[in-house]
Amino acid sequence: MPELPEVEVTRRSFADRIASAQILALRMGKPLRWPLGVLPQSLVGRYIFGVRRRGKYLLLDLDQGLLLLHLGMSGSLNFSPTQPDPGPHDHMDLVCDRGVLRLHDPRRFGAVVWAPSEDSPQAQKLLGRLGVEPLDGQFDVATFAQALKKRQSPIKQVLLAGDVVVGVGNIYASETLFLAGIRPTTRASRLTGPRVARLHAAIVQVLNRAVAQGGSSLKDFVNAEGRTGYFQLEAAVYGRAGEPCRVCASPIKSMVQGQRTTFYCTQCQKP
DNA sequence: CCATATACCTGGCAGC
DNA sequence: TGCTGCCAGGTATATG
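Listed below in structure tokens is the structure:
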């Protein structure tokens, strides 16, 4: 579910409300992708300074260390004043004096990990190989072009790998490549300067637009206030195989790359 | 170092 | 209705 826009929308929907809260209790449900890394009891009494995002991770800064949250494929967070009885897919309740942060994740690919600092081995194991943030001004065309020159894989798979630029998942990879007019199978190293520039701009534009639309709610994504997103309504290609291209009306195609489905337009996207 | 396949887990849906 | 197989927004890990 959650790519950069969904994670950022989630962050914005509760960051201000949880800031400066004190943790009163922590309930963990079924196991997630990794162990918490510390006894839940030891987090009681900690203060939450704020919530940052790195790639698709959320970082809750505490007065001692930080919590790294990942939503996996099916995760969502809810932050509310009440703590209803947990359902079978509610795997964490962070009970604070300002509300309860609940992680709901049916597939349990998500994670909640405590680390003593962002530079610690525990945190760096998860964050250490992440590429540049696309929306924070550090993402420049020249560096992007340089990184792509080294990669022989299809550009779609390079975007998904997240070690060049973070946050572009399966939906937005197809969407950005459509907007840039680039066929997803094109080898990253073969992209010319102008096409890299076009892709760079498309990534920034698509991700910003998706954040503004509250993310994509294909199935069940909701932010921490329970609200769905609307970007899926304006998706150009994702999930639209067989439907007419919104630009040229030729049928949208789909294919599989690296075990993931890619959507594209044969007319609008050139190899 | 790079590229690709695999595994993790559950629910929804199409097809029979 | 119920079964089976397939598909799904991610990514660490293993393997070549």
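Under this note's numbering, the letters of the first sequence match residues 403 to 673, in that order. Glycine included, each C-beta is placed from N, C-alpha and C at the ideal position. Quick caveat: nothing in here was measured; it's all calculated off a predicted structure.
Please return the same chain residues whose Cβ sits closer than 8 Å to the Cβ of residue i, not counting the five positions on each side in sequence.
i: Asp465; result: Arg448, Tyr449, Phe451
i: Val608; result: Tyr574, Glu577, Thr578, Leu581
i: Val606; result: Pro536, Leu537, Phe541
i: Ile654; result: Val639, Arg642, Ala643, Gly644, Glu645, Pro646, Cys647, Phe665, Tyr666, Cys667
i: Gln485; result: Asp495, Val497, Val502, Arg504
In its own chain, which residues sit with a C-beta less than 7 Å from the C-beta of residue i, not counting the 5 before and 5 after it?
i: Arg509; result: Gly474, Met475, Ser476
i: Gly564; result: Gly457, Leu532, Gly533
Look up residue i in the DSSP assignment and give the residues it is bridged to.
i: Arg454; result: Leu461
i: Trp516; result: Leu469
i: Ile584; result: Lys672
i: Leu503; result: Phe481, Leu496
i: Tyr666; result: Lys655
i: Pro433; result: Beta-bridge pairing links Pro433 to no other residue.
i: Val567; result: Val534
i: Tyr449; result: Gln424
i: Pro646; result: Pro653
Can you round the beta-carbon distance between residue i and residue j to whole angstroms, since I take them to be within the 8 Å contact cut?
i: Val749; j: Ala549; result: Since the first and last residues shown for the chain are 403 and 673, residue 749 lies out of range.
i: Pro407; j: Gly617; result: 5 Å
i: Cys498; j: Ala421; result: Wrong, their Cβ atoms sit about 10 Å apart, outside the cutoff.
i: Gln615; j: Tyr640; result: Rounded, the Cβ-Cβ distance is 14 Å, inconsistent with contact.
i: Leu460; j: Val411; result: Actually they do not touch by this definition, with Cβ atoms about 11 Å apart.
i: Gly501; j: Arg413; result: Their Cβ separation, rounded to whole angstroms, is 15 Å, which puts Gly501 and Arg413 out of contact at 8 Å.
Would a C-beta distance cut-off of 8 Å place residue i and residue j closer than the cut-off?
i: Arg546; j: Pro404; result: According to the sequence shown, residue 546 is Phe rather than Arg. No, Cβ-Cβ distance for Phe546 and Pro404 is not below 8 Å.
i: Leu428; j: Val453; result: no
i: His493; j: Leu434; result: yes
i: Val514; j: Leu503; result: no
i: Leu532; j: Arg456; result: yes
i: Trp516; j: Val440; result: yes
i: Val613; j: Ala590; result: no
i: Leu470; j: Ile425; result: no
i: Pro669; j: Cys650; result: Looking at the sequence itself, residue 669 is Gln, so the reference to Pro does not match. Contact flag set, yes.
i: Gly467; j: Ser415; result: no
CB-CB under 6 Å to residue i, same chain, minus the five flanking residues each way: which ones, in chain order?
i: Gly512; result: Leu434, His472, Leu473, Gly474, Gly477
i: Asp463; result: Phe451, Gly452
i: Asn480; result: Arg504, Ala626
i: Met657; result: Thr664
Check your understanding: Do three or more CB pairs link the stretch 648-667 to the stretch 601-615 at distances below 8 Å?
Key -> Output reads no: the stretch 601-615 does not touch the stretch 648-667.
Check your understanding: For the stretch 585-599 against the stretch 554-561, are there 3 or more C-beta pairs whose distance is under 8 Å?
Key -> yes
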